[in-house]
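Participant:
In the working numbering, the protein residues as written are 13 to 165.
#1: So for residue 139, helix, strand or coil by DSSP?
#2: Looking at the unbroken beta strand (DSSP E) that takes in residue 80, where does it start and where does it end?
#3: Comparing C-alpha positions only, which one of 132, 36 and 22 sits nearest to residue 94?
#4: Which residue from 108, 29, 144 and 114 puts its Cα closest to that of residue 4?
#5: Return helix, strand or coil for residue 99, following the three-state DSSP convention.
#6: When you compare the CB positions of residue 159 and residue 78, do they come within less than 8 angstroms of one another, or not?
#7: So residue 82 and residue 157 are supposed to be a Cβ contact under 8 angstroms. How far apart are they, rounded?
#8: Given residue 90, which residues of its chain have a CB within under 6 angstroms of its CB, disregarding the five upstream and five downstream residues?
#9: Are the CB atoms of residue 146 and residue 134 nearer to each other than 8 angstroms?
Spelled out as structure tokens, the structure:
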């Protein structure tokens, strides 16, 4: 009986793995909704039809509490947020110290719909600012904004 070479054994093993994987996918794939399991005690709902529209917006949007701190764990940054506006000349104010960041009050508050503007120093003549490691962040990294307690009168 002739001996098989290592390439033939590896090829045969590869074909067995591919066949087993394909069979597993075919056995676990359900093409019709009737074969998909439904949670116990829950009736299946039909898919919605017709146009889908956003819920109506009220004339007065719900108030959002002011942001008070910003934490970015990946770069070890935690800072208080102060409120900022515009200077007399119309430029954006900047925090007077490098140890805090500020939220521009002309932008939506973090947590509200829209973009928020948070301003802070990267570096200064006296040392690194609150955002000195900002360049290490990538899209999808977590940042947390803590808001003040909102009390309704």
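Beta carbons are placed, not taken as given, at the ideal position from N, Cα and C, and that holds for glycine.
Facilitator: Let me lay it out:
#1: Mapped onto the chain shown, residue 139 falls at position 127. Strand at residue 139.
#2: By one-based count along the chain shown, residue 80 stands at place 68. Note, residue 80: beta strand (DSSP E), 79-84.
#3: For the purposes of this step, residue 94 is taken as residue 82 along the chain shown, with counting starting at 1. Of the listed residues, the one whose Cα sits closest to residue 94 is 132.
#4: Past the boundaries of the shown model lies residue 4; the chain is included only from 13 to 165, so the question cannot be answered.
#5: Numbered from 1 along the chain shown, position 87 holds the residue referred to as residue 99. DSSP, read as helix, strand or coil, puts residue 99 in coil.
#6: Within the chain shown, numbered from 1, the residue matching residue 159 stands at position 147. Within the chain shown, numbered from 1, the residue matching residue 78 stands at position 66. For the pair residue 159 and residue 78, the CB atoms are nearer than the 8 angstroms cut-off.
#7: As a position in the chain shown, residue 82 is number 70, starting the count at 1. As a position in the chain shown, residue 157 is number 145, starting the count at 1. Right, the Cβ-Cβ distance comes to about 6 angstroms (below 8 angstroms), so this counts as a contact.
#8: Working through the chain shown from its first residue, we reach residue 90 at position 78. So the qualifying residues of the chain are 83.
#9: Counted from its first residue, the chain shown places residue 146 at position 134. Counted from its first residue, the chain shown places residue 134 at position 122. Residue 134 is positioned such that its CB atom lies closer than 8 angstroms to that of residue 146.
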